[in-house]
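Protein chains: 2
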Amino acid sequence: MKLAEKKDTKTHILDVAERHFAIYGFAGTTLRGIIKEADVNVAAVAYHFGSKEDLYSAVIERFAKPVVEEQLSRLRKEIVKRNVKLTNILTAFYEPPIALIKSMGKRGATLSLFLGRCQTEQEPIYSMIDKHFAPCRDQFLLAMRQVLPGLSKKDYHWNFEFMLSLIVCFLTRQQVISKRYTANENWQVDDVVSRLVGFCTAGMQDSK
Amino acid sequence: MKLAEKKDTKTHILDVAERHFAIYGFAGTTLRGIIKEADVNVAAVAYHFGSKEDLYSAVIERFAKPVVEEQLSRLRKEIVKRNVKLTNILTAFYEPPIALIKSMGKRGATLSLFLGRCQTEQEPIYSMIDKHFAPCRDQFLLAMRQVLPGLSKKDYHWNFEFMLSLIVCFLTRQQVISKRYTANENWQVDDVVSRLVGFCTAGMQDSK
DNA sequence: GTATGATTCAATCAATTGATTGAATTTTTG
DNA sequence: CAAAAATTCAATCAATTGATTGAATCATAC
């Protein structure tokens, strides 16, 4: 950090912590690993955030909030329309996180991992995560009921879980896959979204 | 452990380690947590397995091997047929792990978690995992080429990843979901397999 | 300028971590 | 039974963990 010097310490810690939590998980991340890379004092974490747990919470807060808000905003615009379509609901769900991650370049890549990894964290992390995503999940479940009438409650839930798992799959595997099979790590938002929407639409509607 | 006394120490450690790795991940698991629950000496781990890493390897070995072997065996029986169908390939992939887990009762539930969680482990764990599943993955990729001609290499890979993600989703979320929405945690192998096969077949074939 | 509050720092805490040692014990072998 | 091998044990190691303290430094307001 030479020019544009002295990014605010709190933000700096947050940035590094985000990457560490994404890569190593909550248990695998050490405060010392973070503060060493961020080049700050250990006490700074306690001062600005409190505990390791609080730090994790701050990381989630910063990144999940804008995604969920955008998803819900997009969803609201869809469900007021006369005849909502499943593809539009799914696009409203998939595009915000994908677009955000794409726009963030390298940081986006670690956020991908974070999003995938945080789904398998234990308590108390799990509740922390769920708190942020539960309202969004419920809204989309309701919307699916509109566009896919006649399914059982169980069907809705599994459809939603599958929908979620596809994006988590993309987010966590994208780097691995493109490294394994291609020289080119580039991907386009529209390609990915339409791939996800396509697979999921078919799965939900045409599943015999 | 009162009757049927004295399960072999090595197996005993393996059982407890399996559950701990499943729940807490590699980093979150402590040898002391394991040996305390298994009621054995710390040195027993070193004696029977070596390091913590070696122990993890032993856990994978024991559980992944029979699954992969059964998957490949089922696959071989399918691809010799005159006209292979996608549904049959998918069933060959999905049924073995699902059936195994179901047959194992409570231990199966933790194995579910393990299978899901191990997918997001870091090196050197990741390579350990990949080593066991890579041959299987390659075989199924080849088979998909037979039943879904005309797709790009990229398409095959993402289809395979999505196929994988659906079962990982089921394995890791099943307990959470059924706890959230129903009183009944029971599920039938055939129901689950046909749900997975149905969703995935549609996603692969009818994706516009 | 100086006082007040915000921030950073080095030093240290007790607890836990994976791992190892060598003796004690059990089991197997001849 | 006795020798040998396999297994278990308590004790301990150095390293790392999250967290805290009180002094030092910085920024801001008056």
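Chains as they are written, first to last, in this note's numbering: chain U, 87 to 294; chain A, 87 to 294. Every residue, glycine too, gets a C-beta built ideally from N, C-alpha and C.
Helix, strand or coil for S293 of chain U per DSSP? Note: S293 of chain U maps to coil in three-state DSSP.
N134 of chain U versus F112 of chain U: straight-line alpha-carbon distance, rounded: The sequence shown places His at residue 134 of chain U, not Asn. Each residue's Cα considered, the two are about 18 Å apart.
With 8 Å set as the bound, which would you pick, yes or no: does the beta-carbon of T206 of chain U sit closer than that to a beta-carbon of chain A? For T206 of chain U, the answer is yes, since a Cβ of chain A falls inside 8 Å of its Cβ.
May I ask which residues mark the beginning and end of the alpha helix (DSSP H) holding K167 of chain U? Unbroken run through K167 of chain U: none, as it is neither H nor E.
On the DSSP letters alone, give me the boundaries of the alpha helix (DSSP H) that T174 of chain A sits inside. Before going further, note that residue 174 of chain A is Asn rather than Thr in the sequence given. Segment 172-189, the alpha helix (DSSP H) holding N174 of chain A.
Enclosing alpha helix (DSSP H) for W273 of chain U [first to last residue]: From DSSP, W273 of chain U is part of no alpha helix (DSSP H); its letter is neither H nor E.
Contact list for C255 of chain U against chain A, beta-carbon separation under 9 Å: Under the 9 Å cutoff, chain A gives W244, E247, F248, L250, S251, L252, V254, C255.
By the criterion of Cβ-Cβ separation under 8 Å, what are the contact partners of I211 of chain U in chain A? Within chain A, no residue comes near I211 of chain U; the closest Cβ sits about 10 Å away, beyond 8 Å.
C-beta contact flag for Q161 of chain U and L201 of chain U at 8 Å: Before going further, note that residue 161 of chain U is Leu rather than Gln in the sequence given. Not in contact: L161 of chain U and L201 of chain U (Cβ atoms no closer than 8 Å).
Could you name the residues of chain A that A150 of chain U contacts, counting a contact when the two beta carbons are closer than 8 Å? Going along chain A, no residue has its Cβ under 8 Å from A150 of chain U, so there is no contact; the nearest lies around 18 Å.
For G302 of chain U, tell me which candidate among U:M290, U:D101, U:H98, U:C222 has the shortest Cα-Cα distance. Absent from the model: residue 302 of chain U. The displayed extent of chain U is 87 to 294, so no value can be given.
Is the beta carbon of T95 of chain A less than 8 Å from the beta carbon of V126 of chain A? Yes; because the gap between Cβ atoms is below 8 Å, this pair is in contact.
Could you name the residues of the region 276-291 of chain U whose beta carbon sits closer than 8 Å to any beta carbon of chain A, in the order they occur along the chain? Within the region 276-291 of chain U, the qualifying residues are R281, G284, F285, C286, T287, A288, G289, M290, Q291.
8 Å Cβ cutoff met for L172 of chain U and T287 of chain U: Contact: yes.
Taking 8 Å as the threshold (C-beta atoms), are W244 of chain A and R281 of chain U in contact? Cβ distance < 8 Å, so R281 of chain U and W244 of chain A count as in contact.
Rounding to the nearest angstrom, what Cα-Cα distance links I121 of chain A and R203 of chain A in this structure? One C-alpha to the other measures close to 22 Å.
Do we get a CB-CB distance below 8 Å when we pair K96 of chain A with the residues of chain U? By this cut-off, K96 of chain A is not an interface position.
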